[in-house]
Amino acid sequence: MKVDSFPLEELGRLRIRTLVIGIAVVLVFSLLAARLWYLQVIQGSQYADYAQGNRIRIVSDPGLRGVIHDRNGVVLAENRPAYQLQLIREDTPDWRASVATAAEALHLSHNELVQRVKQAKGEVPFQPIVLVDDLDYQKAMLVETYQEEFRGISIVVKPRRYYPNKAVLSHALGYVGITSEKLAHLPAKRRFSSEIEGKAGVELVRNEMLIGTDGGRQVEVDHLGRELKILSDLVPSIPGKDLHLTIDVRLQKAAFEAMGEQTGAVIAMNPKTGEILALGSLPSYDPNLFSGGIGPKEWQALLNNPQHPLENKAIQGLYPLGSIFKLVTAYAGLELGAISPETTHTCNGEFYIPGRSTPYHCWLEEGHGTLSVVDAIKQSCNVFFYNVGTNVGVDALHEYASWFGLGKQTGFILPNEKAGLIPSTEWKKRTFEEPWYLGETPTISIGQGYVNVTPLQVLNMVNIVANNGVWAPPRLLLDEPARPSVDLGLSQELLGILRQGMVAVVNESGGTATRVRFADFTIGGKTATSQVISLETRNSLSDEDREKREFQNHAWFVAYGPADDPEISVLVLVEHGGGGSRAAAPVARAILQFYIDTIATPRQNARTAPSEVVQPTPLAYRTRLQTAFLP
């Protein structure tokens, strides 16, 4: 269509619309220009600061976990600084570039760092992402020094549980681990402090006391995420409660050194107070492995170790007791009148029961000759106690063993204590639906057969003998009141006979542990060799094979001293160590020697005063004893 034919009226309207649109465009761009001028000129400096990323944040301040000390104040578990390498994605325009820089400069795995960031994609903005949990000090200082090169990456110091004695006290102290499952249900003021919790030992059973209370502070950070200044301490954090154990770490180290590469358990106690002076289970493990989260390879190595380093053998290991059980058999025989102190039995190396043609053998093949009960304890004669045991019967042995605390939990503070087993006719009927046979009693009389006990139970029994029938419950925490000691109402005269025999074991010619003797520190003791193979199998072997198999037996030794006023008792169990006098007794002697040289003077300190003794009540004698221990 030609312009001259276009209506003049329509052309005028088009010009007006074009003018209006032009004015509108000019106005909009004028407003935008004015706004840009205002932002860049009038408020330029203010927004320049904002552009650098200055912001105020609330930083949590978890309360430190309580410190654990030994009885003399030596630190056993504390908190050391750990340098966390953290990334805050909002503080860097390109987190991948920042991660690549950190990986190259610090010689870290680039793929692992990227994976950690990707796994945390759902986190809240400004929530730190932990790239490395415990960075080497030199690398941490490199990041701090050249912070401008690590955009969005910073070093944050976190407390890390540290055990200075490493494996020496792991089973008493336990270890800590990182948890997240329960945090959402915890009170806000304990949420961050509770990220680290006890998983075993004292760390577990007193976890709530050791956990601190969260605090927090308001800080200003720059565009690199570094703290510029603290604006206010909102809430100060509160550390957890410190604890003191009854352990003497000097004696604990001496016990571990004496055991060397042998596996088993070692315990030292004060018989009068029940205080644990040393508690070891070997092999052990380093609890520092768990402080920052143990790796799968290390965890599997511990789980698959055939020597079970995670098991606390002192309270969880179950073993046949062997000849130490003869003390129970002797007491039962004396109390029930089956023997008197003057009674003798003749040992020619064999013992027969009616209806059985195969004899039970003594450990000394040629026999011990004619013995009294004190001589039988001193020389650990099997035949003497075969006679006593078959006379009193298995149910009496079960009852008296229970009075001395065998086959029962002691109520010790550490978790998963096992009860063990002392058999009876009722137990066998219930378990196997079979009667008890007379031929099974001789092996029970010397602590073999179905007998299974923990090392702590055994030392607990010896403490009762050494302490004139007063039971002081085992104790591990000095900060908590001791459970009252209990007078079990046992015969002082008969206990004296047992002690006489135990002193003879160490101090008289013919005793099974004379190599443990001290010139100026008289001790009583008892050896035991608990058979891993039966006596019948043993006697069917050749001399060469028998010697090889003897090393499969477990070696025991228990001792207390000084004999007239005991202040220390020691138990040593060496797994597959052979004879008690050969493997376990030398370990106990080394521990006692260290105690005599280092700790015994002064012989008592303020922390070892005897606890209150609960006297026997007018209830039936046997009822008192049966209820003294936990069921």
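In terms of my numbering, the sequence shown opens at residue 29 and continues consecutively.
In this text, a Cβ means the ideal position worked out from N, Cα and C, and glycines have one as well.
Using only CA atoms, which one of V102, D122 and T173 lies nearest to A133? The count along the sequence shown starts at 1 and reaches residue 133 at position 105. Answer by Cα proximity: T173.
Can V616 and V598 be called in contact, C-beta distance under 7 Å?
Against the sequence shown, residue 616 aligns to sequence position 588. Against the sequence shown, residue 598 aligns to sequence position 570. For the sequence presented, residue 616 should be read as Ala rather than Val. Yes. Within cutoff.
query: If you check the beta carbons only, do V420 and L364 fall under 7 Å apart?
result: Here residue 420 refers to the residue found at position 392 when the sequence shown is read from its first residue. Here residue 364 refers to the residue found at position 336 when the sequence shown is read from its first residue. Contact: yes.
### Query
If you follow the beta strand (DSSP E) that E106 is part of, which residue opens it and which one closes it?
Within the sequence shown, numbered from 1, the residue matching residue 106 stands at position 78. Looking at the DSSP string, the run of the beta strand (DSSP E) that includes E106 is V103 to L115.
Item to complete: Count the other CB atoms, across all protein chains shown, that sit within 10 Å of the CB of N480; report buried if there are 16 or more and exposed otherwise.
Response: As a first step, residue 480 must be located in the sequence shown, where it is residue number 452. By the 10 Å Cβ count, N480 comes out buried.
Inset, instruction - Below 7 Å CB to CB, which residues in the same chain sit around Y428 once its five sequence neighbours on both sides are set aside? - result: Against the sequence shown, residue 428 aligns to sequence position 400. Closer than 7 Å at Cβ, skipping near neighbours: V356, Y359 and A360.
(Q) Applying the 10 Å Cβ sphere with the 16-neighbour rule, what's the burial state of A61? (A) One-based indexing of the sequence shown puts residue 61 at position 33. Exposed, since its Cβ has fewer than 16 Cβ neighbours within 10 Å.
How would you label L42, buried or exposed, when you count the other beta carbons within 10 angstroms and need 16 or more for buried? One-based indexing of the sequence shown puts residue 42 at position 14. Counting Cβ neighbours within 10 Å, L42 comes out exposed, since fewer than 16 surround it.
Query raised in the report: Given that a residue counts as buried once 16 or more other Cβ atoms are within 10 Å of its Cβ, and exposed if not, what is E370?
Result: Taking the sequence shown and counting its residues from 1, the one referred to as residue 370 is at position 342. Exposed, by the Cβ-count rule.
Under 7 Å between C-beta atoms of A611 and P483: The residue you call residue 611 lines up with position 583 of the sequence shown. The residue you call residue 483 lines up with position 455 of the sequence shown. Not a contact, by the Cβ cut-off of 7 Å.
Given 8 Å as the limit, is there contact between the stretch 401–412 and the stretch 449–458, that is, 3 or more CB pairs closer than that?
no
Quiz prompt | Whether I181 touches A105 by CB criterion (7 Å) | solution = Looking up residue 181 in the sequence shown gives position 153. Looking up residue 105 in the sequence shown gives position 77. Their beta carbons are not under 7 Å apart, which means I181 does not touch A105 by this criterion.
Practice item. State the DSSP-derived secondary structure class of P187, mapped to helix, strand or coil. Key: If you number the sequence shown from 1, residue 187 lands on position 159. Residue state, collapsed to three classes: strand.
Quick one: give me the first and last residue of the beta strand (DSSP E) that W584 is part of. What you label residue 584 is simply residue 556 of the sequence shown in a count that begins at 1. Per DSSP, W584 belongs to the beta strand (DSSP E) from H582 to G589.
* Asked: Is the number of C-beta pairs between the stretch 294–302 and the stretch 325–338 that are closer than 8 Å three or more?
  -> no
Give the DSSP-derived three-state secondary structure of K194 in the structure shown. Translated into the one-based positions of the sequence shown, residue 194 becomes position 166. Three-state DSSP puts K194 in a helix.
Item to complete: Under 6 Å Cβ to Cβ from V600, same chain only, skipping five residues before and after it: list those, please.
Response: One-based indexing of the sequence shown puts residue 600 at position 572. Excluding positions up to five away in sequence, the list reads V294, F585, A612, V615 and A616.
So T540 and S473 are supposed to be a Cβ contact under 8 Å. How far apart are they, rounded? What you label residue 540 is simply residue 512 of the sequence shown in a count that begins at 1. What you label residue 473 is simply residue 445 of the sequence shown in a count that begins at 1. Actually they are not in contact, since the Cβ atoms of T540 and S473 sit about 17 Å apart, beyond 8 Å.
* Report yes if the CB atom of T557 is closer than 7 Å to the CB atom of N581, and no otherwise. => Here residue 557 corresponds to residue number 529 of the sequence shown, with the count starting at 1. Here residue 581 corresponds to residue number 553 of the sequence shown, with the count starting at 1. Yes; because the gap between Cβ atoms is below 7 Å, this pair is in contact.
query = How big is the Cα-Cα spacing for D162 and A148?
reply = Residue mapping note: residue 162 aligns to position 134 of the sequence shown, counting from 1. Residue mapping note: residue 148 aligns to position 120 of the sequence shown, counting from 1. The straight-line gap from Cα to Cα measures roughly 18 Å.
| message | Can you find the residues in the same chain that come closer than 8 Å, C-beta to C-beta, to K227, ignoring five residues on each side of it along the sequence? | response | Your numbering for residue 227 matches position 199 in the sequence shown. So the qualifying residues of the chain are G202, Y203, V204, G205 and F318.
Under 7 Å between C-beta atoms of G552 and V531: What you label residue 552 is simply residue 524 of the sequence shown in a count that begins at 1. What you label residue 531 is simply residue 503 of the sequence shown in a count that begins at 1. For G552 and V531, yes; Cβs fall inside 7 Å.
Alpha-carbon spacing of R635 relative to L279, whole angstroms
Position 607 of the sequence shown, counting from 1, holds the residue named residue 635. Position 251 of the sequence shown, counting from 1, holds the residue named residue 279. The pLDDT assigned to R635 is 41, lower than 50, so where the model puts this residue is not dependable; a value taken from the coordinates is nonetheless given after this. In a straight line, the C-alpha of R635 is about 16 Å away from that of L279.
Run through the DSSP bridge pairs and tell me what D515 is partnered with.
Translated into positions along the sequence shown, residue 515 becomes position 487. D515 is bridged to V498.
- Item | Chain-order list of residues whose beta-carbon lies under 6 Å from that of T645 (same chain, five-residue window excluded) | Here residue 645 corresponds to residue number 617 of the sequence shown, with the count starting at 1. Summary for T645: the model assigns pLDDT 40, below 50, so the residue's position carries little reliability, and this model does not support an answer.
Given a cut-off of 7 Å on the beta-carbon distance, is the pair T438 and P502 in contact? Position 410 of the sequence shown, counting from 1, holds the residue named residue 438. Position 474 of the sequence shown, counting from 1, holds the residue named residue 502. Yes.
query = Rounded C-beta distance between P337 and S312? I'm assuming under 8 Å.
reply = For the purposes of this step, residue 337 is identified with residue 309 of the sequence shown, where counting begins at 1. For the purposes of this step, residue 312 is identified with residue 284 of the sequence shown, where counting begins at 1. About 6 Å separates the two Cβ atoms, so the contact holds.
Notebook entry, point to check: To the nearest whole angstrom, what separates the beta carbons of D270 and V95, a pair I think is in contact under 8 Å?
Noted result: Along the sequence shown, one-based indexing puts residue 270 at 242. Along the sequence shown, one-based indexing puts residue 95 at 67. D270 to V95, Cβ: 5 Å. Contact.
Rounded to whole angstroms, what's the CA-CA distance from T1 to A500? Just pull it up for me. In the structure displayed, the chain extends from 29 to 659; residue 1 sits before or after that span and is not available.
### Spatial distance of R45 from W65 (CA atoms)
Residue mapping note: residue 45 aligns to position 17 of the sequence shown, counting from 1. Residue mapping note: residue 65 aligns to position 37 of the sequence shown, counting from 1. Taking the straight line joining both Cα atoms gives about 30 Å.
By a C-beta neighbour count over all protein chains shown, 10 Å radius and 16 as the cutoff for buried, is L466 buried or exposed?
Position 438 of the sequence shown, counted from the first residue, corresponds to residue 466. Exposed, because fewer than 16 other Cβ atoms sit within 10 Å of the Cβ of L466.
DSSP state of A611 mapped onto helix, strand, coil:
The residue you call residue 611 lines up with position 583 of the sequence shown. A611: helix per DSSP, three-state reduction.
DSSP three-state call for G361: helix, strand or coil? Reading the sequence shown from its first residue, position 333 is the one you call residue 361. Here G361 sits in helix by DSSP.
For this session: Alpha carbon to alpha carbon, how far is D423 from N376? Give it in angstroms, no decimals.
Result: Residue 376 sits at position 348 when you count from the first residue of the sequence shown. Residue 423 sits at position 395 when you count from the first residue of the sequence shown. Computed Cα separation, rounded: 27 Å.
| task | State yes or no: is the C-beta of P470 within less than 7 Å of the C-beta of Y588? | result | Along the sequence shown, one-based indexing puts residue 470 at 442. Along the sequence shown, one-based indexing puts residue 588 at 560. Contact: no.
From this set, I183, G240 and W391, which residue's C-alpha is nearest Y111's C-alpha? For the purposes of this step, residue 111 is identified with residue 83 of the sequence shown, where counting begins at 1. Looking at the Cα atoms, I183 is the closest of the given residues.
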